[in-house]
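Colleague: In order, the protein sequence lines correspond to chains A and B. Mapping of the first sequence onto the working numbering: position 207 corresponds to residue 207, and the numbering continues sequentially without gaps. Take any residue in the second sequence, note its place counting from 1, add 323, and you have its number in the working numbering. Note that CB positions come from ideal geometry on N, CA and C, so glycine has one too.
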Amino acid sequence: MQPEVADAVSSLRAKGVLGDPPASYLLRVAQGELVSVRLEIRALLYLGVLLLTTGVGLFVKENHDRIGPSAIASGIGLAAALCFLWVIRRAAPFTWGRAAESGVAFDYVLLLGLLLGAGDLAYVEVQFRLLGASWPYHLLLVAVLSAAAAFRWDSPVALSLALSSFAAWRGVSVTLLTGRNGPGWSGQTRENAIVCGFFFVLAGVLLVRARRKVHFEQVFVNFGLVLLLGGLLSGVYGNRHPFSWWLLALAVVSAAVIAVSFRASRTLYFAEGFVAAYLGFLRLLWGLFESLKMGTAFFFVVAASAAGVLGLIVAAHRRMKAP
Amino acid sequence: MRAGIAALERSALVREAAEGWRRAGVVDDRTAKAIRDEFADPRYRPSWIWRALTFLLVTIIVLAVLLALAVSGVRGTGGIAFVFFLVGGACVVATELQESSPAFARRGGAGATGFWSGLLLALAACLFFQTLFPQRSDALVDLGFAVSALVFGMASWRWGSAVFALVSMASLVFLVARQPFGRTSVLALSLALGALARRRIDDPSLPPPHRESAATILVASLAALYAAANYWSVESWRIERLRAGFDWSPRPVSLLVLSAAATVLLPVAVLAWGIRTRRVFLIDTGTLLLILSAATLRHYVHLGPLWAVLGVAGAVLLVAALALERWLSRGPEKERHGFTAEPLFSDETKMRLLQAIPVVTTLSPSSAPAPERGFTPGGGSFGGGGASDRF
């Protein structure tokens, strides 16, 4: 209940600022007579998908000797097919723009279908060795299928699964549950993260240019920037020397991200570029002061630099046409 | 909270509601502007990204100044305590200054300095105590919790933050739990504070941030009540273990029976209360407690293999969510008993993008090993929540 809002609605109605409708409807919401449980339904759906896929994973692990690979593969495949059938029946017609909403459960049933399908594919691959030594290609296949589903059914969730599967194919994991980002963020994984990140950002930009699924740009670019800037930062912090090509590359890329996002009034990209640049700067600062053995001066310089950056951010925000 | 700021908080609530109405298309831009003009609030509140950035940078400044002073030749625990007190006090002043400035009050900086002021002053009190009474290390933790409860409670009252109220409440619960008869005291405290908070959550004389704090205290009280009454907590002496010199002995059967009944009934009661009063935060709390009770049941009773329990639980949740959405959507005007599955005034576009975050962070596939390393069976497959990737 929001007493101020309820009073405001009554007062605005009396002054003729609000008509009726919508005043009586707004009053009901403000007085707590009508509440939305949409977020709760979303949370239940997410938890349901999480538990169900985990249960299926454990079931396959514990029972594949007893039941047999064909029965397991068919069972999971059938469940995935049922999910896709539900999705197909509920889906809005295809459009290159934003599709009409098909219900709060739509994205989660699609996600369940994709996860079951992907799990089935992985199981079949492990059991029957269809791809042989090239087995990681099943992740690429999952990425392609998820991307196709995302574009057909206009699902940011399916798209994020597609991008994370693609990154996983290249050896970069973004899941927090395993607590790792691939084999130690070293060597090839780092390079793969940077290349994947670059192509994701590029894909987001191309979508906007082509005016196709423009709203997917945020998923592509945010995912890409996290991989790109994260990969560069891991290079900066993985290098013993404070001055390195990694630092230079990070400075150039984050400066470009900051400049472009400032001009385009894209707050989140601006913040990602700024944080990456500042973390790189801190590494440089630490490297410079480490040899001088001046702890107090180092911390004062960090405080002063943070104050300076804060001033810059406030100034940038005032000039940027973004909330 | 100053009267002037409380009035601005009331206006801010109306302005935020009007922005939601405009976004949902219930009112047009002209009406929304008229409402903003009617309910003026000179304080500027940027989007969460700017506030998070400001919070982060102010935190870096506070911690860097603290560390600079701490390593600048300060000696002994007393010296460190003085530095903590000094920086904590400076944070109090900084928060007051920001709160009174329309340009800075809602930028995120006041939240950061307010938080660090509470934490640093509580730590300073602990360190001073340790300097004065080096033999009384057992009382140090209690003092820390007591000062934290007091300082964060005052901060919540002064600056109107539900987060500070939560920290204060948690400190108080831990303080009480560590005393003799800790469990009984936690039960009594949570019942008393919960009853007090319940009467305040709709009190129009309180400004919105204080009502929000009251709701937070109510939820924290219910959580503390559940923690004290839960069967696992009672059976394994979880609260008593917080106290130094804990000595284990078997629990009376009657107490175990009571706690088993409370484990089942408390979540159901909270859920029913939430549904009856149409308070979504109580429904959320009841649902979470219900999940915890299900986990407690599974801990003691072997209902079946883990995969079956997880699979069935997941399927039940999915079906329940689908059925609930369908039932609400088919009601007259897409609502039943004052509940709806429609978004009302929330930003659905943003929500659809945000729901990708938990999916990416928990359900993404594990990475394949670097291609040139050759075939290594067992990687790169799917499953959420720790599902194994090896068949």
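What does the alpha-carbon distance come out to for the pair H64/A and T53/A?
Modeller: Walking along the first sequence from the start, residue 64/A turns up at place 64. Walking along the first sequence from the start, residue 53/A turns up at place 53. Using only the alpha carbons, I get a separation of about 16 angstroms.
Colleague: What residue does the alpha helix (DSSP H) around A435/B start on, and which one ends it?
Modeller: Taking the first residue of the second sequence as 1, we reach residue 435/B at position 112. Membership of A435/B in the alpha helix (DSSP H) is indicated by the continuous run 432-455.
Colleague: Report the CB separation of A445/B from G467/B in whole angstroms; it is logged as a contact under 8 angstroms.
Modeller: As a position in the second sequence, residue 445/B is number 122, starting the count at 1. As a position in the second sequence, residue 467/B is number 144, starting the count at 1. G467/B and A445/B do touch by the CB rule: their CB atoms are close to 6 angstroms apart, below 8 angstroms.
Colleague: Taking all protein chains shown into account, do 16 or more other C-beta atoms lie within 10 angstroms of the C-beta of V302/A, making it buried, or fewer, making it exposed?
Modeller: On the first sequence, residue 302/A is found 302 positions in, with the first residue counted as 1. Burial call: buried.
Colleague: Inspect the CB distances between the segment 300-315 of chain A and the segment 375-390 of chain B and report whether three or more fall short of 8 angstroms.
Modeller: yes
Colleague: Determine the contact status of A485/B and E535/B, defining contact as a CB-CB distance below 8 angstroms.
Modeller: Start at 1 with the first residue of the second sequence, and residue 485/B comes out as number 162. Start at 1 with the first residue of the second sequence, and residue 535/B comes out as number 212. Yes, they are a contact pair.
Colleague: Would you say R38/A reaches chain B, if we count a Cβ-Cβ gap shorter than 8 angstroms as a contact?
Modeller: The residue labelled residue 38/A in the question sits at position 38 within the first sequence. At least one chain B Cβ lies under 8 angstroms of R38/A.
Colleague: Can you check whether the C-beta of R333/B is within less than 8 angstroms of a C-beta belonging to chain A?
Modeller: Along the second sequence, read from residue 1 onward, the residue named residue 333/B stands at position 10. Yes, its Cβ sits closer than 8 angstroms to a Cβ of chain A.
Colleague: Rounded to whole angstroms, what is the Cα-Cα separation between S370/B and A428/B?
Modeller: For the purposes of this step, residue 370/B is identified with residue 47 of the second sequence, where counting begins at 1. For the purposes of this step, residue 428/B is identified with residue 105 of the second sequence, where counting begins at 1. Going by the C-alpha atoms only, they are around 14 angstroms apart.
Colleague: From G97/A to R211/A, what distance separates their C-alpha atoms?
Modeller: Position 97 of the first sequence, counted from the first residue, corresponds to residue 97/A. Position 211 of the first sequence, counted from the first residue, corresponds to residue 211/A. Looking at the two C-alpha atoms, the distance is approximately 8 angstroms.
Colleague: Tell me which residues of the segment 608-641 of chain B have at least one Cβ-Cβ distance to chain A shorter than 9 angstroms, keeping chain order.
Modeller: T610, I614, P628, L629, W630, A631, V632, L633, G634, V635, A636, G637, A638, V639, L640, L641
Colleague: Spell out the partners DSSP gives T663/B in its beta bridges.
Modeller: As a first step, residue 663/B is located in the second sequence; it is residue number 340 there, counting from the start. When DSSP reads this structure, T663/B sits in a beta bridge with S36/A, E658/B.
Colleague: Please state if the CB of A644/B and the CB of P156/A are separated by a distance shorter than 8 angstroms.
Modeller: The sequence position of residue 156/A within the first sequence is 156, counting from 1. The sequence position of residue 644/B within the second sequence is 321, counting from 1. Taking 8 angstroms as the cut-off, the Cβ atoms of P156/A and A644/B do not count as close.
Colleague: With a cut-off of 8 angstroms, do at least 3 Cβ pairs link the segment 656-676 of chain B to the segment 344-352 of chain B?
Modeller: Proximity of the segment 656-676 of chain B to the segment 344-352 of chain B meets the contact definition, three or more beta-carbon pairs being nearer than 8 angstroms.
Colleague: What is the rounded straight-line gap between the Cα of A329/B and the Cα of Q421/B?
Modeller: Looking up residue 329/B in the second sequence gives position 6. Looking up residue 421/B in the second sequence gives position 98. Rounded to the nearest angstrom, the two C-alpha atoms are 15 angstroms apart.
Colleague: When you compare the CB positions of T539/B and L489/B, do they come within less than 8 angstroms of one another, or not?
Modeller: As a working mapping, residue 539/B is identified with position 216 in the second sequence. As a working mapping, residue 489/B is identified with position 166 in the second sequence. Closer than 8 angstroms, so yes.
Colleague: Just verifying my parser: in three-state terms, what is the DSSP assignment at L130/A?
Modeller: On the first sequence, residue 130/A is found 130 positions in, with the first residue counted as 1. Looking at L130/A - three-state DSSP - the assignment turns out to be coil, as it is neither helix nor strand.
Colleague: So what does DSSP say about Q188/A, is it helix, strand or coil?
Modeller: In the first sequence, the residue the question calls residue 188/A occupies position 188. Residue state, collapsed to three classes: helix.
Colleague: In whole angstroms, what is the alpha-carbon distance linking E101/A and W571/B?
Modeller: Along the first sequence, one-based indexing puts residue 101/A at 101. Along the second sequence, one-based indexing puts residue 571/B at 248. Spanning the two alpha carbons is a distance of roughly 57 angstroms.
Colleague: Give a yes or no on whether 8 angstroms exceeds the smallest Cβ distance from I313/A to chain B.
Modeller: Position 313 of the first sequence, counted from the first residue, corresponds to residue 313/A. Interface residue, yes.
Colleague: If I measure Cβ to Cβ from A149/A and keep anything under 7 angstroms in the same chain, skipping five residues before and after, which residues do I get?
Modeller: In the first sequence, residue 149/A corresponds to position 149, counting from 1. Excluding sequence neighbours, A149/A sits near L110, L114, S155, A158.
Colleague: Quick check on the burial criterion: 16 or more other C-beta atoms within 10 angstroms. Buried or exposed for A478/B?
Modeller: For the purposes of this step, residue 478/B is identified with residue 155 of the second sequence, where counting begins at 1. A478/B comes out buried.
Colleague: Within the same chain, show all residues whose beta-carbon is closer than 8 angstroms to that of A462/B, passing over the 5 residues directly before and after it, in chain order.
Modeller: Counting from one through the second sequence, the residue named residue 462/B turns up at place 139. Closer than 8 angstroms at the Cβ level, and outside the excluded window around A462/B, lie F452, F456.
Colleague: How far does the alpha helix (DSSP H) with D670/B in it extend, from its first residue to its last?
Modeller: For this step, residue 670/B is matched to residue 347 along the second sequence. Run containing D670/B: none; DSSP gives neither H nor E here.
Colleague: Distance check for V221/A and M320/A, CA to CA, integer angstroms please.
Modeller: The residue labelled residue 320/A in the question sits at position 320 within the first sequence. The residue labelled residue 221/A in the question sits at position 221 within the first sequence. In a straight line, the C-alpha of M320/A is about 20 angstroms away from that of V221/A.
Colleague: Is G327/B near the ligand PLP, going by C-beta to nearest heavy atom under 7 angstroms?
Modeller: Here there are no bound small molecules, and the ligand PLP is not part of this structure.
Colleague: Thinking C-beta only, is A276/A closer than 8 angstroms to L229/A?
Modeller: Within the first sequence, the letter at position 229 stands for residue 229/A. Within the first sequence, the letter at position 276 stands for residue 276/A. Yes, the pair counts as a contact, with Cβ atoms nearer than the cut-off.
Colleague: State yes or no: is the C-beta of V257/A within less than 8 angstroms of the C-beta of G273/A?
Modeller: By one-based count along the first sequence, residue 257/A stands at place 257. By one-based count along the first sequence, residue 273/A stands at place 273. Yes. Within cutoff.
Colleague: Could you compute how far the alpha carbon of F59/A sits from the alpha carbon of R90/A?
Modeller: The residue you call residue 59/A lines up with position 59 of the first sequence. The residue you call residue 90/A lines up with position 90 of the first sequence. So the two alpha carbons sit approximately 30 angstroms from each other.
Colleague: First and last residue of the alpha helix (DSSP H) that includes Q421/B?
Modeller: Counting from 1 along the second sequence, the entry for residue 421/B is found at position 98. Looking at the DSSP string, the run of the alpha helix (DSSP H) that includes Q421/B is 399-422.
Colleague: Going by other Cβ atoms of all chains shown within 10 Å of its Cβ, with 16 needed for buried, is S423/B buried or exposed?
Modeller: The count along the second sequence starts at 1 and reaches residue 423/B at position 100. Exposed, by the Cβ-count rule.
Colleague: Is any beta-carbon of chain B found at less than 8 angstroms from that of F94/A?
Modeller: In the first sequence, the residue the question calls residue 94/A occupies position 94. Not an interface residue.
Colleague: Whole angstroms is fine: what's the gap from R152/A's alpha carbon to A92/A's?
Modeller: As a position in the first sequence, residue 152/A is number 152, starting the count at 1. As a position in the first sequence, residue 92/A is number 92, starting the count at 1. Rounded to whole angstroms, R152/A to A92/A spans 9 angstroms at the Cα level.
Colleague: Just the chain A side, please: which residues come within less than 7 angstroms of W344/B by C-beta, in chain order?
Modeller: Here residue 344/B refers to the residue found at position 21 of the second sequence. Identification of chain A residues near W344/B by a Cβ-Cβ cut-off of 7 angstroms yields L26, ordered along the chain.
Colleague: Using 10 angstroms around the beta-carbon of W245/A, count the other beta-carbons present and answer buried if the total reaches 16, otherwise exposed.
Modeller: Reading the first sequence from its first residue, position 245 is the one you call residue 245/A. Exposed.
Colleague: Taking buried to mean at least 16 other C-beta atoms within 10 Å of its own C-beta, is K320/B buried or exposed?
Modeller: The requested residue 320/B does not occur in the structure, where chain B is confined to residues 324 to 714.
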